[in-house]
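Below is one structure, written out as structure tokens; the observations come after it.
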Amino acid sequence: MDKLKIEGGYPLNGEIVIGGAKNAALPLMCAALLTEESLVLDNVPHLQDISSLIALLEDMGVTTQREETRLTLTAKSVPRTLASYDLVRKMRASVLVLGPLLARFGTAEVSLPGGCAIGTRPVDLHISALEQMGAEIEIRDGYIHARTAPEGRLRGAEIVFAKKSVGATENLLMAATLAEGKTVLHNAALEPEITDLAACLTKMGAKISGAGGETIEIEGVETLSGAAHTVIPDRIETGTYAIAAAMAGGTVVLKNARLDLLAALVPVLQEAGVSIEENENGDITVSRRGNRLNAVDITTEPYPGFPTDLQAQLMAMLTVADGAGTVRETIFENRFMHVPELMRMGADITVHGSSALVRGVTRLKGAEVMATDLRASVSLVLAALTANGTTTVNRIYHLDRGYEALEAKLGACGAKLERIAA
Ligand code: EPZ
Numbered sequence: 093m094d095k096l097k098i099e100g101g102y103p104l105n106g107e108i109v110i111g112g113a114k115n116a117a118l119p120l121m122c123a124a125l126l127t128e129e130s131l132v133l134d135n136v137p138h139l140q141d142i143s144s145l146i147a148l149l150e151d152m153g154v155t156t157q158r159e160e161t162r163l164t165l166t167a168k169s170v171p172r173t174l175a176s177y178d179l180v181r182k183m184r185a186s187v188l189v190l191g192p193l194l195a196r197f198g199t200a201e202v203s204l205p206g207g208c209a210i211g212t213r214p215v216d217l218h219i220s221a222l223e224q225m226g227a228e229i230e231i232r233d234g235y236i237h238a239r240t241a242p243e244g245r246l247r248g249a250e251i252v253f254a255k256k257s258v259g260a261t262e263n264l265l266m267a268a269t270l271a272e273g274k275t276v277l278h279n280a281a282l283e284p285e286i287t288d289l290a291a292c293l294t295k296m297g298a299k300i301s302g303a304g305g306e307t308i309e310i311e312g313v314e315t316l317s318g319a320a321h322t323v324i325p326d327r328i329e330t331g332t333y334a335i336a337a338a339m340a341g342g343t344v345v346l347k348n349a350r351l352d353l354l355a356a357l358v359p360v361l362q363e364a365g366v367s368i369e370e371n372e373n374g375d376i377t378v379s380r381r382g383n384r385l386n387a388v389d390i391t392t393e394p395y396p397g398f399p400t401d402l403q404a405q406l407m408a409m410l411t412v413a414d415g416a417g418t419v420r421e422t423i424f425e426n427r428f429m430h431v432p433e434l435m436r437m438g439a440d441i442t443v444h445g446s447s448a449l450v451r452g453v454t455r456l457k458g459a460e461v462m463a464t465d466l467r468a469s470v471s472l473v474l475a476a477l478t479a480n481g482t483t484t485v486n487r488i489y490h491l492d493r494g495y496e497a498l499e500a501k502l503g504a505c506g507a508k509l510e511r512i513a514a
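In our numbering, the protein residues as written are 93 to 514.
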């Protein structure tokens, strides 16, 4: 497995172009299953998770064409409405094919995604909501076997999610577009990726109102058509590089990004002593104001709260801040795997259940580290950029799942990092 060798201590100066959002592109790709016409997506990042979903959709019979950041998907016929364990285990978002398959073909078999490094991550909310729309669902041999009544379509329903879930909201939003009658989703998740999905579905002919709010209404239609849509910028990639600039020092300009999608991070960075501003042309300039950052406290929450997908990176920042800060994780039960690895680099962190107390040290030390999920891995890269000496981050295939051209982007700003092929 490839490793990343990073020599710490160099400030970052330059421009970084932000790619399309992985977590917006994945559901949009699944939406292609809702129509026999072509869906053309622009600003699709080159990431392992995108390739894994392309492989899954192609396995079902979808044709795909990729030209730079444009991805065209055509689900003219879908002879195989099956998402096998082998393909789903590589990427949990594969479960997002369930709603579209059921809505258009009345049948789907999707492997249960199982647990993953950051927690158990069940799909009960997806399943019970689809059942409320008339789907008959059985869990057998590790698979979700789902079908609609023999006479046809899913039925519109009034669904109250017991908990906010990004994936369940997306799955149900897609399912409801082709259902018979009206569906109302209560306690829907508010993430911008959901609003982006709704915008694309609307271009395809879906009748949706209220996306981006807690109550979404969908009036089912008989068929959807093709459309062209540009994926929103990746707010987590943007936040990650903003934190990198804050930690390493220097001035970084983030291009093709949207600051309005990072409303929870901006005040936290400002409180920590970071200047983060949108220029007239929409670029975002980030630089640390003093020599050292101040400690801050954060709690992860569903959007518009502080994103769990930036928690590890923010914790890396706190390890070198002046003073002590707390990090409380409320979304996933096991998302502190970066803690022991950061401690190998000299970080001072105490974990109590879902909270971590981070006491800043003046300088981390390079070490051999390894992480078991995407955001934890990148937090180690950020720590390594400021550490004294060389850090080797093992198992970087996690990074390739979610960060496009990470070495090139950071390298162009003056970071010293090198990929070592296994
Ligand atoms: C999405 O995952 C993202 N993935 C995750 O990004 C992100 O961390 C997460 O939302 C939270 O923001 C994609 O968009 C592809 P959830 P998702 O359903 O949809 C519980 C990254 O690093 N839950 O909103 O799977 C669940 O266990 C990743 O890019 C149920 O209990 O997250 C969690 O505690 C990782 N039952 C909470 O809800 C269910 O049926 C929120 O999960 C579904 C979820």
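Using N, Cα and C, we set each Cβ at its ideal position, and we do this for glycine too.
Subject >> heavy atom of the ligand EPZ below 7 Å from K255 C-beta >> reply: Between the ligand EPZ and the CB of K255, the shortest heavy atom gap is smaller than 7 Å.
Original post:
Would DSSP call P394 helix, strand or coil?
Top reply: Coil.
**OP:** In angstroms with no decimal places, state the Cα-to-Cα distance between M296 and F253.
**Re:** Between M296 and F253, the C-alpha separation is close to 26 Å.
Original post:
Do three or more CB pairs link the region 311–322 to the region 340–353 at distances below 8 Å?
Top reply: Taking 8 Å as the limit for Cβ pairs, the verdict is that the region 340–353 does not touch the region 311–322.
Original post:
For M152, does the three-state DSSP call read helix, strand or coil?
Top reply: Helix, per DSSP.
Original post:
For I423, is the beta carbon positioned less than 7 Å from some heavy atom of the ligand EPZ?
Top reply: Relative to the ligand EPZ, I423 has its C-beta within less than 7 Å of a heavy atom.
Original post:
Taking the Cβ atom as the reference point for each residue, do L293 and L277 lie within a distance shorter than 8 Å?
Top reply: Cβ atoms of L293 and L277: not closer than 8 Å.
Subject >> Local conformation of R325 per DSSP, three classes >> reply: Inspection of the sequence shows that residue 325 is occupied by Pro rather than by Arg. Judged by DSSP in its simplified three-state form, P325 adopts strand.
Subject >> Reduced DSSP secondary structure (H/G/I, E/B, other) of M296 >> reply: DSSP places M296 in coil when its eight states are reduced to three.
**OP:** Please work out which residues of its chain come closer than 7 Å, Cβ to Cβ, to A355, disregarding the five sequence neighbours upstream and downstream, and give them in chain order.
**Re:** Correct list, in chain order: P396.
Original post:
Taking C-beta to C-beta, are L148 and S186 nearer than 8 Å?
Top reply: At a Cβ-Cβ threshold of 8 Å, L148 and S186 count as neighbours.
Original post:
Relative to the ligand EPZ, is the shortest distance from any of its heavy atoms to the C-beta of D401 smaller than 7 Å?
Top reply: Set against 7 Å, the gap from the CB of D401 to the closest heavy atom of the ligand EPZ is smaller.
Original post:
Based on the DSSP output, what are the partners of C208 in its beta bridges?
Top reply: For C208, which the question treats as bridged, DSSP gives the partners G211.
**OP:** At 4 residues or longer, and completely inside the region 338–394: list those alpha helix (DSSP H) runs for me, N to C.
**Re:** As far as the region 338–394 is concerned, its whole alpha helix (DSSP H) runs of at least 4 residues are 357–364.
**OP:** Could you pull out every residue in the same chain whose Cβ sits closer than 8 Å to the Cβ of N386, ignoring the five residues on either side in sequence?
**Re:** Within the same chain, N386 has close Cβ partners E363, A364, G365, A413, D414 and G415.
Original post:
What did DSSP end up calling I310 once you bin it into helix, strand or coil?
Top reply: Of the three classes helix, strand and coil, the one that applies to I310 here is strand, per DSSP.
Original post:
Does DSSP put N279 in a helix, a strand or coil?
Top reply: Of the three classes helix, strand and coil, the one that applies to N279 here is coil, per DSSP.
Subject >> Whether G312 touches G417 by CB criterion (8 Å) >> reply: The answer is no: Cβ separation not under 8 Å.
Subject >> Candidates A291, D465 and L509, of which the one nearest I210 by Cα >> reply: The shortest C-alpha to C-alpha distance from I210 to any of A291, D465 and L509 is the one to D465.
Original post:
Looking only at C-alpha atoms, which of I98, T127, G111 and H138 sits nearest to D492?
Top reply: Selected option, being the one with the closest Cα: H138.
Subject >> Chain-order list of residues whose beta-carbon lies under 6 Å from that of N115 (same chain, five-residue window excluded) >> reply: Contacts found: E285.
Original post:
If you pair each beta-carbon of the region 132–146 with each one of the region 155–165, do three or more pairs fall below 8 Å?
Top reply: They touch, by the three-pair rule.
**OP:** Identify the continuous alpha helix (DSSP H) that holds I219 and give its terminal residues.
**Re:** If you look at I219, you'll find it in the alpha helix (DSSP H) that goes D216 to Q224.
Subject >> Nonlocal neighbours in the same chain, by C-beta distance under 6 Å from V170, ignoring five residues either side >> reply: Residues M152 and G153 of the same chain have their beta carbon placed closer than 6 Å to that of V170, with the five preceding and five following residues left out of the count.
Original post:
Helix or strand or just coil, what does DSSP make of Y235?
Top reply: Correct three-state label for Y235: strand.
Subject >> Pick from R381, N480 and S257 that is closest to G100, judged by C-alpha positions >> reply: When each option's Cα is compared against that of G100, the closest is N480.
Subject >> the ligand EPZ heavy atom lying under 7 Å from the CB of R232 >> reply: Flag unset: Cβ of R232 not near the ligand EPZ.
Original post:
Taking just the CA atoms, how far does A117 sit from G259?
Top reply: G259 and A117 have their alpha carbons spaced roughly 13 Å apart.
Subject >> Residue nearest to E283 in terms of C-alpha spacing, selected from Q224, P119, G445 and I488 >> reply: Taking only the C-alpha atoms, the option nearest E283 is P119.
Original post:
In three-state DSSP terms, what is E129?
Top reply: DSSP places E129 in coil when its eight states are reduced to three.
**OP:** For G374, count neighbouring C-beta atoms within 10 Å of its own C-beta (all shown protein chains included) and say buried if the count is 16 or more, exposed if not.
**Re:** Its Cβ having fewer than 16 others within 10 Å, G374 is exposed.
Original post:
Sorry if obvious, but does the Cβ on V170 come closer than 7 Å to a heavy atom of the ligand EPZ?
Top reply: The ligand EPZ has no heavy atom closer than 7 Å to the beta-carbon of V170.
Subject >> At least 3 beta-carbon pairs within less than 8 Å: the region 237–247 vs the region 452–467 >> reply: Too few Cβ pairs lie closer than 8 Å, so no.
**OP:** Give me whichever residues DSSP pairs with R247 in a beta bridge.
**Re:** Beta-bridge pairing links R247 to E272.
**OP:** Give me the Cβ distance between A476 and V485, rounded to the nearest whole Å; I'm assuming they're in contact under 8 Å.
**Re:** Separation of the CB atoms of A476 and V485 is rounded to 7 Å, and the pair is thereby assigned contact status at 8 Å.
**OP:** Please name the residue, chosen from L125, R172 and E230, that lies closest to A195 on a Cα-to-Cα basis.
**Re:** Among L125, R172 and E230, the Cα nearest to that of A195 is on L125.
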